Every structure is written in structure tokens, then in C-alpha cells.
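When you line the sequence shown up against my numbering, it's residues 2 to 426, in that order. No residue lacks a Cβ here, since even glycine has one placed at the ideal position from N, Cα and C. All figures in this text were calculated on a predicted structure; none of them were measured in a lab. Since the structure comes first, as C-alpha cells, the remarks are kept for the end.
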Amino acid sequence: MSQKITAIRGFNDILPAETWRWAEVESVLRDLMRSYGYHEIRLPIVESTPLFARAIGAVTDIVEKEMYSFDDRGGESLTLRPEGTAGCVRACLEHGLTYNQTQRLWYTGPMFRYERPQKGRYRQFHQFGVETFGMTGPDIDAEQVLLTARLWKMLGLDQVVRLELNSLGESDERARFRAALVTYLEQHREELDEDSQRRLTSNPLRILDSKDPDTQAVLENAPRLPDFLGEESLSHLTQLCAVLDAAGVAYVVNPRLVRGLDYYNKTVFEWVTSELGAQGTVCAGGRYDGLVEQLGGQKTPAVGFAIGLERLLLLHAAVHPEVEQSEADVFIAAVGEGTAQPGLLLAEQLREALPDLRVLLNCGGGSFKSQFKKADKSGARFALVIGQDEAAAGRVSVKWLREEREQHTLAQADLAAFLKEIHTL
Ligand code: ATP
Ligand code: MG
2 MSQKITAIRG
12 FNDILPAETW
22 RWAEVESVLR
32 DLMRSYGYHE
42 IRLPIVESTP
52 LFARAIGAVT
62 DIVEKEMYSF
72 DDRGGESLTL
82 RPEGTAGCVR
92 ACLEHGLTYN
102 QTQRLWYTGP
112 MFRYERPQKG
122 RYRQFHQFGV
132 ETFGMTGPDI
142 DAEQVLLTAR
152 LWKMLGLDQV
162 VRLELNSLGE
172 SDERARFRAA
182 LVTYLEQHRE
192 ELDEDSQRRL
202 TSNPLRILDS
212 KDPDTQAVLE
222 NAPRLPDFLG
232 EESLSHLTQL
242 CAVLDAAGVA
252 YVVNPRLVRG
262 LDYYNKTVFE
272 WVTSELGAQG
282 TVCAGGRYDG
292 LVEQLGGQKT
302 PAVGFAIGLE
312 RLLLLHAAVH
322 PEVEQSEADV
332 FIAAVGEGTA
342 QPGLLLAEQL
352 REALPDLRVL
362 LNCGGGSFKS
372 QFKKADKSGA
382 RFALVIGQDE
392 AAAGRVSVKW
402 LREEREQHTL
412 AQADLAAFLK
422 EIHTL
């Protein structure tokens, strides 16, 4: 026997037992975006490698060790997108979408990062993301936090997520803080975990969210980012907090919240949960006023966030473990020789008359008993049976599957009216 080919590590199949939940969440997201006036943008999965190096930052985890990059047959270096913001900004510039106008955009799709696969962390994963351009805020920052808060409510998850906020200030403020932080941490180098020691020279701010307890202990007495923020950065954060207070959205300002991507300034925020173990960040985002210019456009303020859909789906399944009960409203059983075709035509006739009705047809014959087993499993409320007698007489039998009601027969011509009547009950 030849060896079986399996999926690549960290690349998941999403099976029918889960896709209904994905579809449900995606449809809520779509409705939410519509209600806030955001437009969908669909972007390529592959971009030229320098886009990510320039946008995300050369010394970030993503660019240093997580990208799927390869040379195409023409020798150009391409990368499977590790996130959506860089490509979105690239597309906006290429098509003039941010030129003298504001934009509110959203996208969804697969992202790729070479990470160690574990629960909530995969090599192909999906993000739903939002990017807005041309608004200096903090009103637009607040709108995005509020819309995510509304999403948790719509999905029944508001009790299991909490909001953390911070301001990263402007680049000069961050630079002064970085210098002070490095000076302090250098004195405690030996107490830091290995990753953090490495980051001292490459990406010292990232040390702030190290999970290592010894590093955390050192950070207790480290310089604090808020002490380095100027008046404008502080007031931006204060105004955002005031909106959230007024709207009744709870949050914690976490002065150690930083992001793994270089392009953020001022507001950063994360929605986190305790239900998913170490992979607790469900949604992360913030302001990135410098990125458009950095990628060759005019200076354009911007705010965005991304939700990790696998994590969101895991959370949804944990909080709402019930599975979808039914796959059909009506099951059509065609029993006996010569009934397959009338069964098919009947199913088509019903779909034509009642486009909302979910009609599941038994294909492949089988005994009365085996067809009823399938009918029951489908979750349908009743089965329509076409046997040889019914087929010959142009009639159909109605057999109720969930309630004590007499079986009866109907002329096929009256079926649509009958279904309309009971379907609306
Ligand atoms: P983490 O600290 O968990 O690695 P990150 O800072 O790298 O996250 P972002 O780049 O901000 O994450 O991506 C936004 C969101 O996308 C994350 O909050 C998370 O929900 C999701 N995400 C990121 N990487 C992965 C992954 N490898 N697998 C599944 N989801 C992911
Ligand atoms: Mg990461």
C-alpha cells in the first residue's frame, strides 16, 4: 500500500462538524461591519517579501523567524502573508483609496506563520481584521473598541473577555523610554530569560510581555512607559478612556501592553480571555499613524485590529458547546423501484416554491426503515414519503417525526400550500 499523504503540520482542515459554527460567526461579523459602515476588501495571500520586512519591522518575531518566504520561478522573493495590515496599506496606496479621503475597511482570510503549533496557535490560521485610514482620533479608536465590544455581546462572549489598553506614545517618546528600559535591564541581564536577553538589543519593548516569572520580577521596578508620554499621547488615551467609561465598557490600562509589530503608536488594545490557556489574546490592535508614509504614501493616520478566528471559534465552542441540531426541515424518502425520479422532482418542486425550506432527499434507495433512520437523524420535522402507490397517484405521504400526529396523504399539487402553512407556524 502506498503511504498516506497527510496535511502539513499546523495546517488544519475545518470539517463540516465545525464549519456551521464558522459560518455563523462570519455572518455575525458581516452584519456588524455593515451596521458600522465598513467595506470589505479582498487581498492577495502572497505579497512581495520586502513589503512585510518594511511594514512589520525587520527585528520582529514575525519577520525574523515566522515568515513563509520562497523564491518563485522567476527568482522573486514572495511571502505568504503573516498578517493583513501590510497588504491592506499596500493596496490602498496602489489604488489611491486613502488619497484625500477616509476609509473604513475589513477583511478576513488565512494568514501564515511558522510557529510551534499548539492549541490556539497554528501555522495557517485565520484573521478577521479592520483597518481605518485618515482619522486622527481618538473617536475612531473608540469606535473600534466599541464595535469589538458589541461583537462579544452578539456572540454571547462578553462575560469571558476583558479589555486591556495602553498608549505606546510617539516614536520619540518610545525611544526615550526604550533607552531607559535598556539601561535598567542591562543591570539585570543575568536575571532575564534567554529570549529577553536576545531582545535587549533587537526589540527591548517586547521584553515587557515576557511570560517568564523571573523577567516579570525584574520588570516590577523597571521604568514605566506612561512616565515617558507627552501631553498629546496622554490626552489621546484619556479621551479614549472617557468614551469607554461613558459607554459602560470596562477596561484595564496595562502600561506593559506592547505589540509584536513595530508599526503601532499611541493606542494599543487587546481583548483577552482566561478560557484558552496560554493563547488568550483573541483580538489585538491599535493605532499606526506612521505606516502609510513608511510604505511610500502621504502621512495618513490609521487604526486597526485583528481577531484570531480559531481562538474566537474555540472560545465560542467553549461557551456554547451545543451543536447544531438539524440539517433539514423536510426529509424526502423515496421507497421502492421507480420512485427515485419522482422523489428528485418533488424535492426540486419544493425548493422552487419555498426557497428558504431545507429539503434533504434520500439518495441511493434503501428500505423504509433505513430511510426513516436517516430522516430522524437529519433533524427534519417530518418526512415526505413517495412509494410506488403515491408516485402512481401523484400523491405524497406526510409522516411526522417529532410529534404525535396521524400520517396522512396529500396531492403533490397541494404540497407547497401545505408546507407554506406549517412552515410559518
Ligand atoms: P501572540 O502573542 O499570541 O503570538 P501576536 O501578537 O503575534 O499574538 P497579532 O500579530 O497581533 O498576534 O495577531 C492578532 C491575532 O491573531 C492574535 O491576537 C491572535 O488571536 C491571532 N493569531 C496570531 N498568531 C496566531 C497563530 N499562529 N495561530 C492562531 N492565531 C493567531
Ligand atoms: Mg505571535
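- Nearest Cα to LYS300 within the set PHE306, ALA307, GLY291: GLY291.
- Close CB contacts of PRO45 within its chain, under the 7 Å cut and outside five residues either way in sequence, are with GLY88 (chain order).
- Taking ARG122 as the centre and dropping the five residues before and after it, the same chain places the C-beta of GLU116, GLN280 closer than 8 Å to its C-beta, in chain order.
- Look at ARG122 here: in three-state DSSP terms it is strand.
- In the DSSP annotation of this structure, PHE178 is not part of any beta strand (DSSP E); the continuous alpha helix (DSSP H) holding it starts and ends at 172 to 187.
- Rounded to whole angstroms, LEU361 and GLY344 show a C-alpha spacing of 11 Å.
- Beyond the five residues adjoining it in sequence on each side, MET155 comes within less than 6 Å, by CB distance, of VAL29 in the same chain, given in chain order.
- Excluding residues up to 5 positions away in sequence, PRO205, LEU206 lie with their Cβ nearer than 8 Å to the Cβ of ARG179 in the same chain.
- Here ASP62 is buried. Its C-beta has 16 or more other C-beta atoms within 10 Å.
- Rounded to the nearest whole angstrom, the C-alpha separation of SER168 and GLU221 is 19 Å.
- Contact between the stretch 325 to 341 and the stretch 375 to 392 is established, with three or more Cβ pairs separated by less than 8 Å.
- Going by DSSP, MET112 is part of the beta strand (DSSP E) stretching over 104 to 113.
- Taken in chain order, the unbroken stretches of alpha helix (DSSP H) that lie wholly in the stretch 304 to 380 and span 4 residues or more are 310 to 320, 341 to 354, 369 to 379.
- Distance check between TYR265 and each of PHE306, GLU232, TRP272 places PHE306 closest, using alpha-carbon atoms only.
- With a 10 Å radius around the Cβ and a threshold of 16 neighbouring Cβ atoms, TRP21 comes out exposed.
- The alpha-carbon separation between ILE6 and SER275 amounts to approximately 36 Å.
- In this structure PRO302 does not touch THR149 by the C-beta definition: roughly 19 Å separates them, more than the 8 Å allowed.
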